[in-house]
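Working notes for the structure below.
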Amino acid sequence: MTIFQKIIDKQIPAKIVYEDDEVLAFRDIMPQAPVHVLVIPKRAIVGVSSSTDDDALLLGKLLVAARKVAEAEGVAQSGYRLVINNGVHGGQSVDHLHVHVLGGRALTWPPG
Ligand code: AMP
234 MTIFQKIIDK
244 QIPAKIVYED
254 DEVLAFRDIM
264 PQAPVHVLVI
274 PKRAIVGVSS
284 STDDDALLLG
294 KLLVAARKVA
304 EAEGVAQSGY
314 RLVINNGVHG
324 GQSVDHLHVH
334 VLGGRALTWP
344 PG
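Residue numbers (my numbering): 234 to 345.
Structure (C-alpha cells):
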C-alpha cells in the first residue's frame, strides 16, 4: 500500500484542500513552491504509464480538479505548473498517480 492510499483511507493525516467522489487533493509535505498541492485519483493507478484508454475520463477529472485547486489557492491569474512524474527517470517516488500543482512564485524551465 502506498502512502497516498493511506491518505485516501484516512489512516494518516493530510492537509486536504479538495475532495470529490473520485479525486483527492492535499498539500505536499515538502512544498517546492508557496502553493504545492498533489491531486490524485482515489482509485489506485500507479502512473500514467499504467493507465488505460478506459481511464480517460478520470484522467481528465484530475486536470479539472487541478484547475479548481489553482483557483482556490489564488494562483489562477499569476500562473502555475502542473507536473506528472512518471517512472524512475521521471522522478516518480510514490507509485500512485499524482498531479503536482505548483504556484505562488515564478518557476524556471527546463527542469533539471
Ligand atoms: P513524485 O516525486 O512526483 O512521486 O512526488 C511525490 C510527492 O509526494 C513528493 O513531492 C513528496 O514530498 C510528496 N509526499 C510524500 N509523502 C507525502 C505525504 N505523507 N503527504 C504529502 N505529500 C507527500
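We put the beta carbon where it would ideally sit given N, CA and C, even for glycine.
Everything numeric in this text was worked out from a predicted model, so none of it was measured.
The C-beta distance from residue 268 to residue 313 rounds to 7 Å, short enough to meet the 8 Å contact threshold. Here the stretch 301-312 does not lie against the stretch 239-248, with fewer than 3 beta-carbon pairs under 8 Å apart.
In the three-state reduction of the DSSP assignment, residue 336 falls in the strand class. Here DSSP, grouped into helix, strand and coil, assigns residue 303 to helix.
The three-state reading of DSSP puts residue 273 in strand, counting E and B together. Note on geometry: alpha-carbon atoms of residue 260 and residue 291 lie some 21 Å from one another. Ranked by Cα distance from residue 265, the first of 342, 343, 334 is 334. For residue 240, there is no enclosing beta strand (DSSP E); the residue is found in the alpha helix (DSSP H) stretching over 236-241.
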